[in-house]
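Residue numbers for the sequence shown follow the working numbering, beginning at 33 and rising by one.
Each residue gets a CB set at the ideal place from its N, CA and C atoms; glycine is no exception.
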Amino acid sequence: MSTNGDSSKRLILGIDLGTSLTAVMSNRGKRALVGSVVGYPKDVIATKLLNSILVIGDEALSKRSYLNLYFPLEDGVLKEASVTHTIAAKELLERAIAEIDPQPGDQIYGIIGVPARASVSNKSQLLKLAGEMMDKVMVVSEPFMAAYGLERLTNAIIIDIGAGTVDFCAMKGTVPGSEDQITLLKAGNFIDELLAANISEAYPDVQITKQLAKKIKEQYGYVGEVRDDVIVTLRADGRPHNYDLGLEVRDACAAILPDIFESLEQLIQVFDPEYQEEALQNVILAGGGSHIIGLREAVAEFLQDYGEANVVRVTDPVYSGAAGALKLACELPPEYWHEVGDVFGD
33 MSTNGDSSKR LILGIDLGTS LTAVMSNRGK RALVGSVVGY PKDVIATKLL NSILVIGDEA
93 LSKRSYLNLY FPLEDGVLKE ASVTHTIAAK ELLERAIAEI DPQPGDQIYG IIGVPARASV
153 SNKSQLLKLA GEMMDKVMVV SEPFMAAYGL ERLTNAIIID IGAGTVDFCA MKGTVPGSED
213 QITLLKAGNF IDELLAANIS EAYPDVQITK QLAKKIKEQY GYVGEVRDDV IVTLRADGRP
273 HNYDLGLEVR DACAAILPDI FESLEQLIQV FDPEYQEEAL QNVILAGGGS HIIGLREAVA
333 EFLQDYGEAN VVRVTDPVYS GAAGALKLAC ELPPEYWHEV GDVFGD
């Protein structure tokens with residue numbers, strides 16, 4: 033890293049550090065997506081097959097039979113279970129930055145998104161880790177990043193549905209405070225685990241893993257009336273068979289709705305009464321879970337008791353958080369970053 037003052041050598045990054053995926057974008061027009069998993073070989077045979085001491089992302093998942101996998105971002109924040117998890121988090125962040133192709137002498141400035149109610153200690157740990165590879169870094173809440181990228185800064189409600197958390201943010205024309213944000217831990221991973229359990233209960237002979245359940249959710253996930261076209265080929269006793277999973281998929285996805293509705297009810301009330309009607313016209317679903325079929329309609333139906341609501345989805349749930357972080361990093365001079373979030377670096 034360089035500490036010179038040449039702004040032309042400043043590489044600015046927006047990073048959405050997620051439980052499942054890490055997205056990064058730069059002011060030079062590059063962007064990259066890295067799976068938030070690090071794999072280390074189990075033994076000498078695995079090391080020979082791998083020809084490396086570690087792999088990251090999709091390659092780690094595809095070779096998981098001979099790897100020890102570490103998901104360093106539990107519930108969207110750094111996992112502190114072991115030293116290996118911390119090392120894995122550093123490897124993941126280094127890979128994400130390397131994908132953007134920084135050049136020798138670059139000053140690396142960046143904004144990283146974290147769950148809305150991430151703890152002070154976790155933010156501090158992340159800043160310390162990121163500070164080893166970046167000249168200046170700030171952490172802000174993920175739904176705030178999405179709101180900034182969409183320029184929905186006043187009288188708007190952001191619902192960011194990720195793998196580890198569902199994050200809510202009420203935008204009222206200022207940097208959101210703790211009372212304006214909510215984090216739920218029942219999110220995409222919760223759906224995956226519940227779907228795997230539902231399938232095992234309905235079809236005890238089927239071989240199902242959380243990773244396979246995730247793929248089924250991503251392809252067929254929906255809420256609402258039970259569909260009869262969710263036919264999936266799975267294996268039982270080693271043999272492939274077709275299974276109707278319409279009910280199992282629907283019930284797993286719908287399991288997160290009660291907590292989402294309860295949190296929405298709380299968040300509407302943080303707006304002054306005269307602004308609540310406008311806020312209901314600006315409800316934005318972000319994150320990978322935002323494209324579950326029927327979710328937008330379910331949220332809109334729930335909000336009918338509070339007034340006419342307009343619920344929309346972001347067009348690019350994968351990169352919307354990173355895009356908002358990059359926009360904020362480019363538009364806000366670094367000397368003012370401390371007024372928005374927690375900062376590491378001069």
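Exercise. Report the three-state DSSP secondary structure of Leu-312 (helix, strand or coil).
Key: Residue state, collapsed to three classes: helix.
Self-check item: Boundaries of the beta strand (DSSP E) in which Ala-188 is found, first to last residue
Solution: Its beta strand (DSSP E) spans residues 186-193.
Self-check item: Local conformation of Asp-90 per DSSP, three classes
Solution: In the structure shown, Asp-90 sits in a helix (DSSP, three-state: H, G or I).
Self-check item: Whole-number beta carbon distance between Arg-282 and Val-258, since they are thought to touch under 8 Å
Solution: Rounded to whole angstroms, the Cβ separation of Val-258 and Arg-282 is 6 Å, and the two are in contact under 8 Å.
Exercise. Count the C-beta pairs between the region 228-236 and the region 144-155 that are closer than 8 Å, then say yes if the count reaches three, no if not.
Key: With a cut-off of 8 Å, the region 144-155 and the region 228-236 do not count as touching, because too few Cβ pairs lie within range.
Exercise. Under 8 Å Cβ to Cβ from Ala-179, same chain only, skipping five residues before and after it: list those, please.
Key: Once the five neighbours on either side are set aside, the close Cβ partners of Ala-179 are Leu-185, Ala-188, Ile-190, Cys-201, Met-203, Ile-316, Gly-356.
Quiz item: Relative to the C-alpha of Glu-123, which residue among Asp-167, Ile-140, Glu-297, Thr-54 is closest?
Solution: For Glu-123, the nearest C-alpha among the options comes from Thr-54.
Exercise. Kindly indicate which residue of Glu-112, His-273, Ile-240, Leu-277 has the alpha-carbon position closest to the one of Tyr-254.
Key: Looking only at Glu-112, His-273, Ile-240, Leu-277, the smallest Cα-Cα distance to Tyr-254 is reached by Leu-277.
Quiz item: Straight-line CA distance for Glu-329 to Gly-339?
Solution: Taking the straight line from one Cα to the other gives about 15 Å.
Quiz item: In three-state DSSP terms, what is Val-115?
Solution: In this structure, Val-115 counts as helix in the three-state DSSP scheme.
Quiz item: If we ignore side chains and look at the alpha-carbon of each, how far apart do Asp-261 and Glu-250 end up?
Solution: One alpha carbon belongs to Asp-261, the other to Glu-250, and they sit about 15 Å apart.
Quiz item: What do you reckon, are the CB atoms on Arg-267 and Gln-239 nearer than 7 Å?
Solution: For Arg-267 and Gln-239, yes; Cβs fall inside 7 Å.
Quiz item: Candidates Gly-50, Tyr-368, Leu-335: which alpha carbon is nearest Leu-158's?
Solution: Comparing Cα positions, the closest option is Gly-50.
Quiz item: Between which two residues does the beta strand (DSSP E) containing Pro-272 stretch?
Solution: In the DSSP assignment, Pro-272 falls within the beta strand (DSSP E) that extends over 271-276.
Quiz item: With distances taken between CB atoms, is the gap from Asp-192 to Thr-215 smaller than 7 Å?
Solution: No, the Cβ-Cβ distance between Asp-192 and Thr-215 is not below 7 Å.
Quiz item: Going by alpha carbons, who is nearest to Leu-296 out of Ala-341, His-323, Ser-97?
Solution: With distances taken between Cα atoms, Leu-296 lies closest to Ala-341.
Practice problem: If I'm right that Leu-101 touches Val-69 with Cβ under 8 Å, what's the distance once you round it to whole angstroms? | Solution: 6 Å between Cβ atoms; contact.
Quiz item: Is it buried or exposed for Ala-162, if we count other Cβ within 10 angstroms and need 16 for buried?
Solution: So Ala-162 counts as buried.
Quiz item: Taking the C-alpha atoms as reference points, what is the distance between Leu-358 and Phe-293?
Solution: About 30 Å.
Exercise. Take the Cβ of Ile-263 as the centre, count every other Cβ of all protein chains shown within 10 Å, and call the residue buried at 16 or more, exposed below.
Key: By the 10 Å Cβ count, Ile-263 comes out exposed.
Self-check item: Coarse secondary structure for Phe-376, derived from DSSP in three states
Solution: Reduced to three states, the DSSP call for Phe-376 is strand.
Self-check item: Limits of the alpha helix (DSSP H) - the one that Asn-221 falls within
Solution: Unbroken alpha helix (DSSP H) run through Asn-221: 220-234.
Quiz item: My guess is that Lys-74 and Leu-99 are in contact by the Cβ rule of under 8 Å, so how many angstroms apart are they, rounded?
Solution: Right, their Cβ atoms sit about 6 Å apart.
Quiz item: Apart from the five residues just before and just after Thr-79, which ones in its own chain have a Cβ nearer than 6 Å to its Cβ?
Solution: Pro-73.
Practice problem: Excluding the 5 residues preceding and the 5 following Leu-43 in the sequence, name in chain order all residues of the same chain whose CB lies nearer than 8 Å to its CB. | Solution: The answer, listed in chain order, is Ser-58, Asn-59, Arg-60, Ile-132, Pro-134, Gln-135, Asp-138, Gln-139, Ile-140, Tyr-141.
Quiz item: Leu-244 to Leu-364, Cα distance in whole Å?
Solution: Between Leu-244 and Leu-364, the C-alpha separation is close to 42 Å.
Quiz item: Quick one: what's Val-343 bridged to in DSSP?
Solution: Paired residue(s): Val-315.
Practice problem: Could you tell me the boundaries of the beta strand (DSSP E) in which Leu-335 lies? | Solution: Counting along the chain, Leu-335 falls outside any beta strand (DSSP E), though it belongs to the alpha helix (DSSP H) covering 327-335.
Self-check item: DSSP state of Tyr-72 mapped onto helix, strand, coil
Solution: DSSP places Tyr-72 in strand when its eight states are reduced to three.
Practice problem: Name the residue from Leu-227, Phe-103, Gly-321 whose alpha carbon lies nearest to the alpha carbon of Ile-119. | Solution: Ranking the options by Cα distance to Ile-119, first place goes to Phe-103.
Self-check item: Coil, strand or helix - Asn-135 by DSSP
Solution: As written in the sequence, residue 135 is Gln, which differs from the Asn given in the question. Of the three classes helix, strand and coil, the one that applies to Gln-135 here is coil, per DSSP.
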